[in-house]
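Residues are numbered in the working numbering as their position in the sequence shown, beginning at 1, plus a constant of 89. A virtual CB, placed ideally from N, CA and C, is assigned to each residue, including glycine.
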Amino acid sequence: RHSSSMSGNRSKRRRDAEMHESRPSRQRTRQGHVQDLHAPPEEEAAELNPWNARGNEREIAATEVTEMRKRLQAARKSRDGEKKAFAEIDLAKAKLGAANKAGDERVIAAAKVEVAEAKLRGEVEVAEAKLGEANKAGDERVIAAAKVKVAEAKQRGEVEVAKAKLRGEVEVAEAKLGAAN
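In structure tokens:
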């Protein structure tokens with residue numbers, strides 16, 4: 090019984106060796122980064138280094154911010170208010186993601202406020218567009234309802250921005266307290 094398990098291990102090793110030979114020269118790591126399997130050991134060690142992985146995450150986040158800025162520029166050129174509003178929200182979220190990767194509490198807090206402000210502008214933009222459509226249609230009840238929605242969007246957004254600012258101040262204060270201890 091004991092010898093049969095040994096032969097099983099040997100065939101597994103052989104199978105693993107054969108699989109290794111047929112593998113491509115590059116593969117994705119757990120984090121999704123492409124790794125060169127035939128790289129010199131020092132390069133391989135650098136790819137596996139957690140500090141380097143953190144740097145790659147920051148690079149990816151920065152690339153995402155750049156991409157969102159391009160989308161926002163395209164939306165501004167198209168003069169589509171809704172598209173612009175959503176592009177602003179996406180850019181603010183990308184900046185928040187980059188701030189989270191960097192780990193600076195003040196930057197994170199500011200990015201959260203920026204997301205809330207972008208959402209406010211977006212919601213107001215959509216409500217104002219609907220008000221414009223209602224004005225063109227000329228139905229007084231629809232116009233009145235649209236004006237209420239604009240006011241509600243502004244009020245809701247201002248509350249969200251204020252909450253984000255307050256949370257940000259609390260987070261920064263907690264970070265300072267943690268650093269002092």
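What number of angstroms, rounded off, separates the C-alpha of residue i from the C-alpha of residue j?
{"i": "residue 228", "j": "residue 216", "result": "16 Å"}
{"i": "residue 220", "j": "residue 247", "result": "20 Å"}
{"i": "residue 198", "j": "residue 207", "result": "14 Å"}
{"i": "residue 263", "j": "residue 245", "result": "27 Å"}
{"i": "residue 134", "j": "residue 190", "result": "With a pLDDT of only 49 at residue 134, under the threshold of 50, the placement of this residue in the model should not be trusted; the figure read from the coordinates follows. Taking the straight line joining both Cα atoms gives about 22 Å."}
{"i": "residue 171", "j": "residue 162", "result": "13 Å"}
{"i": "residue 140", "j": "residue 149", "result": "Legend: pLDDT at residue 140 = 49, less than 50; position of this residue unreliable, value from coordinates given subsequently. Each residue's Cα considered, the two are about 14 Å apart."}
{"i": "residue 212", "j": "residue 145", "result": "34 Å"}
{"i": "residue 271", "j": "residue 183", "result": "Shown here, the chain extends from 90 to 270; a query on residue 271 therefore has no answer."}
{"i": "residue 232", "j": "residue 243", "result": "17 Å"}
{"i": "residue 193", "j": "residue 159", "result": "25 Å"}
{"i": "residue 259", "j": "residue 225", "result": "46 Å"}
{"i": "residue 218", "j": "residue 267", "result": "46 Å"}
{"i": "residue 230", "j": "residue 237", "result": "11 Å"}
{"i": "residue 251", "j": "residue 181", "result": "16 Å"}
{"i": "residue 261", "j": "residue 269", "result": "12 Å"}
Let me check understanding here. Comparing Cα to Cα, which of the options lies closest to residue i?
{"i": "residue 249", "options": "172, 185 and 205", "result": "205"}
{"i": "residue 154", "options": "179, 262, 252 and 145", "result": "179"}
{"i": "residue 174", "options": "214, 266 and 230", "result": "214"}
{"i": "residue 256", "options": "160, 195, 181 and 188", "result": "195"}
{"i": "residue 185", "options": "265, 253 and 238", "result": "253"}
Would you grab the beta carbon distance between residue i and residue j for me? Rounded to a whole angstrom, and I think it's under 8 Å.
{"i": "residue 177", "j": "residue 210", "result": "6 Å"}
{"i": "residue 151", "j": "residue 188", "result": "In fact, because the Cβ distance is near 11 Å, the residues do not count as touching under 8 Å."}
{"i": "residue 223", "j": "residue 240", "result": "About 14 Å; that fails the 8 Å criterion."}
Open item on the list: Would the region 195-209 count as touching the region 159-172 if we require 3 or more Cβ pairs under 8 Å?
Closed with: no
Task: Start-end ranges of the alpha helix (DSSP H) lying completely within the region 145-206, minimum 4 residues - done: 170-191
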